[in-house]
Amino acid sequence: MVIFILQTMDYYEINLTLSPLSDEISEIVVAEFADLGCDSFTNTDTGLNAYIAQNIFDENKIKDAVENLKNITKINCFAKHIKSQNWNEIWESNFEPVVINEKCTIRAPFHNNLPKTEYEIVIMPKMSFGTGHHATTYLVAEALLNMDVANLQILDIGCGTGILAILAAMKNAAHIDAADIDEWAYSNAIENVCENNVEKKVNVILGDINQINKKSYDLILANINRNVLLSDMRRYANLLKNEGKLIISGIFADDIPIIETEANKHNLVKIEEKNRDKWARIQFVKFEC
Numbered sequence: 404m405v406i407f408i409l410q411t412m413d414y415y416e417i418n419l420t421l422s423p424l425s426d427e428i429s430e431i432v433v434a435e436f437a438d439l440g441c442d443s444f445t446n447t448d449t450g451l452n453a454y455i456a457q458n459i460f461d462e463n464k465i466k467d468a469v470e471n472l473k474n475i476t477k478i479n480c481f482a483k484h485i486k487s488q489n490w491n492e493i494w495e496s497n498f499e500p501v502v503i504n505e506k507c508t509i510r511a512p513f514h515n516n517l518p519k520t521e522y523e524i525v526i527m528p529k530m531s532f533g534t535g536h537h538a539t540t541y542l543v544a545e546a547l548l549n550m551d552v553a554n555l556q557i558l559d560i561g562c563g564t565g566i567l568a569i570l571a572a573m574k575n576a577a578h579i580d581a582a583d584i585d586e587w588a589y590s591n592a593i594e595n596v597c598e599n600n601v602e603k604k605v606n607v608i609l610g611d612i613n614q615i616n617k618k619s620y621d622l623i624l625a626n627i628n629r630n631v632l633l634s635d636m637r638r639y640a641n642l643l644k645n646e647g648k649l650i651i652s653g654i655f656a657d658d659i660p661i662i663e664t665e666a667n668k669h670n671l672v673k674i675e676e677k678n679r680d681k682w683a684r685i686q687f688v689k690f691e692c
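So our numbering is basically just the index in the sequence shown, starting at one, shifted up by 403.
Have a look at this one:
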């Protein structure tokens, strides 16, 4: 994850070591520190680095945030002062484009002279996850590239920056509803949808599965986390047409059995799975009794 910084000023870097470490825990930590004024975050092998402008840095508030998070993870932190730098140049130099199966390039607006692929998606990641670097985004995008989605009605739940919805639109899907509960992700997805000229096909929604009513889909993409997937499986099944497909990610490979067991309760049958690093993708098809 990377987040864009506009300012050129002195900052504090807050190094956060988390144990256990997961995407879900990272999202909670980011939300807590964003409320303090941190406007940039980068992943590390052991947790996160958070960045906050010197003029709003408050050591006591940082300590309070750490205490609030101790009920979900063991957390240690230390802060160091960083002199004024050109943050845009630093961010750009560390954000690499992503190429998926030589078919799709995901890049930022400042990337130039890249090899041509069939699909090219321009993403400006801000306060949201989903640059294509994460294994789960890669896995679902890969599945889309291998599918014929022309003329399909699609739901992308937990859309993040909108990569998957944009790719589906580029592959001639009829319509995509793309939803996320995070306001930054919602705003960023709208920006990216417009940047890629697919706003006529993609409807970005602020909210979760409960905001999706009285519709039916040929394909649902759910790249979220295990607990949400288990909780909302019935809703996914209800929103799918008969023989519609559900592609799930955001889970570890070890989670596949429990996800499959829950899916089977709702007439969803596994037809494919694939792992990348420790992460997994599962594809189901709905068969009504």
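C-beta: ideal position from N, C-alpha, C; glycine also.
C-beta contact flag for residue i and residue j at 7 Å
{"i": "H622", "j": "K648", "result": "A small fix is needed here, since residue 622 is Leu in this sequence, not His. Result yes, Cβ atoms of L622 and K648 sit closer than 7 Å."}
{"i": "N600", "j": "G565", "result": "no"}
{"i": "A456", "j": "E435", "result": "no"}
{"i": "D580", "j": "I612", "result": "no"}
{"i": "I659", "j": "A683", "result": "yes"}
{"i": "L419", "j": "L439", "result": "no"}
{"i": "A568", "j": "V605", "result": "yes"}
{"i": "E676", "j": "I685", "result": "yes"}
{"i": "A666", "j": "F690", "result": "no"}
{"i": "N678", "j": "A656", "result": "yes"}
{"i": "G610", "j": "A582", "result": "yes"}
For residue j and residue i, believed in contact at Cβ under 8 Å, the rounded distance
{"i": "L542", "j": "S443", "result": "Between S443 and L542 the Cβ distance is about 27 Å, and since that is not below 8 Å, they are no contact."}
{"i": "E521", "j": "K506", "result": "5 Å"}
{"i": "K483", "j": "E416", "result": "5 Å"}
{"i": "I557", "j": "L642", "result": "That pair is no contact at about 11 Å."}
{"i": "I509", "j": "P500", "result": "6 Å"}
{"i": "V525", "j": "E598", "result": "5 Å"}
{"i": "V433", "j": "L421", "result": "The pair is not a contact, with the Cβ atoms about 11 Å apart (cut-off 8 Å)."}
{"i": "C480", "j": "I459", "result": "The pair is not a contact, with the Cβ atoms about 17 Å apart (cut-off 8 Å)."}
{"i": "T548", "j": "A571", "result": "Looking at the sequence provided, one finds Leu at residue 548 rather than Thr. 10 Å between Cβ atoms; not a contact."}
Residue i - DSSP class collapsed to helix/strand/coil
{"i": "T540", "result": "helix"}
{"i": "A511", "result": "coil"}
{"i": "C480", "result": "strand"}
{"i": "E691", "result": "coil"}
{"i": "I632", "result": "The amino acid occupying residue 632 in the given sequence is Leu; Ile does not appear at that position. Reduced to three states, the DSSP call for L632 is helix."}
{"i": "S422", "result": "strand"}
{"i": "T445", "result": "strand"}
{"i": "K466", "result": "helix"}
{"i": "S429", "result": "helix"}
{"i": "F655", "result": "strand"}
{"i": "L555", "result": "coil"}
{"i": "N549", "result": "coil"}
{"i": "I475", "result": "coil"}
{"i": "E676", "result": "strand"}
{"i": "N458", "result": "helix"}
{"i": "I417", "result": "strand"}
{"i": "I503", "result": "strand"}
{"i": "E523", "result": "strand"}
{"i": "N452", "result": "strand"}
{"i": "W682", "result": "strand"}
{"i": "L643", "result": "strand"}
{"i": "L570", "result": "helix"}
Of the residues the options, the one placed nearest residue i, counting alpha carbons only
{"i": "S619", "options": "A468, L632, N645", "result": "N645"}
{"i": "D551", "options": "I485, A577, T539", "result": "A577"}
{"i": "H752", "options": "P512, V525, G563", "result": "This structure gives no information on residue 752, because the portion of the chain shown stretches from 404 to 692."}
{"i": "S425", "options": "N667, F690, N628", "result": "N628"}
{"i": "L633", "options": "V501, L671, A437, W587", "result": "L671"}
{"i": "I560", "options": "I674, C480, T447, R638", "result": "R638"}
{"i": "I503", "options": "I593, T540, A437, Y414", "result": "T540"}
{"i": "T449", "options": "H669, N626, I465, P423", "result": "P423"}
{"i": "N626", "options": "A544, N515, N446", "result": "A544"}
{"i": "M527", "options": "W587, K466, C480", "result": "W587"}
{"i": "D680", "options": "A437, Q614, I654", "result": "I654"}
{"i": "M636", "options": "H669, N616, A437, Q614", "result": "H669"}
{"i": "Y454", "options": "D583, P512, K486", "result": "K486"}
{"i": "R472", "options": "A511, S429, C441", "result": "Per the sequence shown, the amino acid found at residue 472 is Leu instead of Arg. Taking only the C-alpha atoms, the option nearest L472 is S429."}
{"i": "M705", "options": "A437, L555, K673, N463", "result": "The chain is shown from 404 up to 692; residue 705 falls before or after that span and cannot be answered."}
{"i": "D461", "options": "Y414, N575, I674", "result": "Y414"}
(message) In chain order, what are the residue ranges of uninterrupted beta strand (DSSP E) at least 3 long that sit wholly in the region 574-638?
(response) 578-583, 605-609, 620-626
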